[in-house]
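One structure is given here, and the rest of the page talks about it.
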């Protein structure tokens, strides 16, 4: 019984060796050997460049590894063809370390045919090698913690409701109409030096917005107010959530605002007068927005909401009135009063990382 088993095992080993009598040399840095002839097949092992692996005999047609009987006992060059020259073999059959059937891409192996066919395959076919993951030395000084992209800049369009404040007219308002605010916002910042996770950024932010309001007074006067604001200040932001390159950002800033309001009044006869009211003020601003990856490298789409808090303030004019449309010059009534209020807006724009 033991002798029979040993003979069977020896015959099996000889048969297997016969099947894989050919071999090839791996030509890439690290070649995957897979379970099946598909690109998404699981990897069972890897072979390094220069490794010798067994290849099934069926890929060595009419070569020295195959016995050919001819009347003239000669072999022509045209008869020396590799099986993969047919164009339909993308993988070579081999065996893994456990003796199981496995496959390796034909592009990662040079077959040793022991004839002139070896000249048709380059020893180093890849420049650069797609499987060579090694880094070129010398390594960067801050490797592996260094971040290539440490700066951000944004440009966004903003829109939101206007603040319901106006000049303190000396007649009762019978009609009022406020438009939305429209504006642009830009920011420029860099990653904090102590941040190893690329989440904290600080820099500067600027915005400009404009709006308008129209009023009708009890004595049939018409009034229009052209409002605008320029604001500049520092900001700091943090990304608490990241997934597949998309981010959620929370941002806070302190702005120095220049707010102006050009007020024009006109009576039924067509006589008009306009005055400019303005002031400087500080206000905190908070925002939260999402950053969405785009197919363009280092360019993201941003969309979110911000809210700006205004402290009580009076906008005053340096121009004395020339008509009776206005309250007493430089009095507390001759102002555009903005109470403590919060103004929110929505925005959408682009962000670049570099």
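Residue numbers (the numbering used here): 671 to 1024. No residue lacks a Cβ here, since even glycine has one placed at the ideal position from N, Cα and C. All of these numbers come straight from a predicted model, not from anything done at the bench.
Residue i burial status per 10 Å Cβ neighbour count (16 or more: buried)
i, result
"residue 1003", "exposed"
"residue 822", "buried"
"residue 833", "buried"
"residue 846", "exposed"
"residue 1015", "buried"
"residue 851", "buried"
"residue 996", "buried"
"residue 976", "buried"
"residue 797", "exposed"
"residue 955", "buried"
"residue 883", "buried"
"residue 807", "exposed"
"residue 786", "exposed"
"residue 788", "exposed"
"residue 767", "exposed"
"residue 697", "buried"
"residue 702", "buried"
"residue 657", "Since the displayed the chain opens at 671 and closes at 1024, residue 657 lies outside it and no answer follows."
"residue 861", "buried"
"residue 790", "exposed"
"residue 805", "exposed"
"residue 863", "exposed"
"residue 914", "exposed"
"residue 824", "buried"
"residue 704", "buried"
"residue 1001", "exposed"
"residue 895", "buried"
"residue 988", "exposed"
"residue 885", "buried"
"residue 842", "exposed"
"residue 925", "buried"
"residue 871", "buried"
"residue 718", "exposed"
"residue 855", "buried"
"residue 792", "exposed"
"residue 783", "buried"
Per-residue DSSP class, three states only, for residue i
i, result
"residue 786", "helix"
"residue 780", "strand"
"residue 799", "coil"
"residue 1024", "coil"
"residue 834", "coil"
"residue 955", "strand"
"residue 839", "coil"
"residue 861", "strand"
"residue 976", "strand"
"residue 727", "helix"
"residue 702", "strand"
"residue 984", "strand"
"residue 696", "strand"
"residue 968", "coil"
"residue 961", "strand"
"residue 805", "coil"
"residue 708", "coil"
"residue 844", "strand"
"residue 1006", "strand"
"residue 754", "For residue 754, the predicted structure reports a pLDDT of 44, less than 50, and the residue's modelled location is therefore unreliable. The matter cannot be settled from this model."
"residue 995", "coil"
"residue 769", "coil"
"residue 820", "coil"
Contact check, residue i vs residue j, beta carbons under 8 Å
i, j, result
"residue 692", "residue 727", "yes"
"residue 827", "residue 1018", "yes"
"residue 830", "residue 857", "no"
"residue 982", "residue 1008", "yes"
"residue 947", "residue 980", "no"
"residue 978", "residue 929", "no"
"residue 963", "residue 916", "yes"
"residue 777", "residue 762", "no"
"residue 953", "residue 984", "no"
"residue 853", "residue 878", "yes"
"residue 707", "residue 760", "yes"
"residue 923", "residue 905", "yes"
"residue 940", "residue 960", "no"
"residue 1024", "residue 968", "yes"
"residue 724", "residue 765", "yes"
"residue 958", "residue 920", "yes"
"residue 1022", "residue 838", "no"
"residue 912", "residue 949", "no"
"residue 993", "residue 944", "no"
Beta carbon proximity, residue i to chain D, threshold 8 Å
i, result
"residue 845", "Note that chain D does not occur in the displayed structure, where there is just one protein chain."
Residue i CB to nearest heavy atom of the ligand COA below 7 Å
i, result
"residue 793", "In the structure on display, the ligand COA does not appear, and there are no ligands present to speak of."
Report the start-end ranges of each beta strand (DSSP E) in the stretch 876-947 that is 3 residues or longer and not cut off at the edges. 892-913, 916-936
The stretch 890-906 / the stretch 932-944 touching (three or more Cβ pairs under 8 Å): yes
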